[in-house]
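Numbers 4 to 79, taken from this note's numbering, label the letters of the sequence shown in order. The C-beta atom is built at its ideal place from N, Cα and C for all residues, glycine as well. Below is one structure, written out as structure tokens, with a few remarks after it.
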Amino acid sequence: MKKKIKDCTFKEFAGWANARACDGRWSMLDAMNSISVVSMVYEVKPLFFRGRVREALWRKLRDQYLNMEAEIEIER
4 MKKKIKDCTF
14 KEFAGWANAR
24 ACDGRWSMLD
34 AMNSISVVSM
44 VYEVKPLFFR
54 GRVREALWRK
64 LRDQYLNMEA
74 EIEIER
């Protein structure tokens, strides 16, 4: 199923990035950009509501760093 990055949750994007990192289908710049966004989100470690806090940060960071109209293949 294809989804635009602006419609993806952090969990979906992280899964897609991990799968794509293994097959070498992206450029070094795309890989570095995605890794930096994922690592910034994973640095958030609140005691309560970790998922909600990470999703809020994900929405903020994806708007700044990623191409919002790009479509990615999400496996269900």
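Residue i versus residue j: straight-line alpha-carbon distance, rounded
i          : j          : result
residue 64 : residue 6  : 18 Å
residue 70 : residue 9  : 8 Å
residue 74 : residue 55 : 24 Å
Contact under 9 Å by Cβ, residue i with residue j
i          : j          : result
residue 12 : residue 72 : no
residue 19 : residue 76 : yes
Outcome for residue i when other beta-carbon atoms lying within 10 angstroms are tallied against a minimum of 16
i          : result
residue 47 : exposed
residue 37 : buried
residue 16 : buried
Endpoints, alpha helix (DSSP H) assigned at residue i
i          : result
residue 58 : 53–68
residue 14 : 13–26
residue 38 : 31–45
Reduced DSSP category for residue i - H, G, I as helix; E, B as strand; rest coil
i          : result
residue 77 : coil
residue 6  : strand
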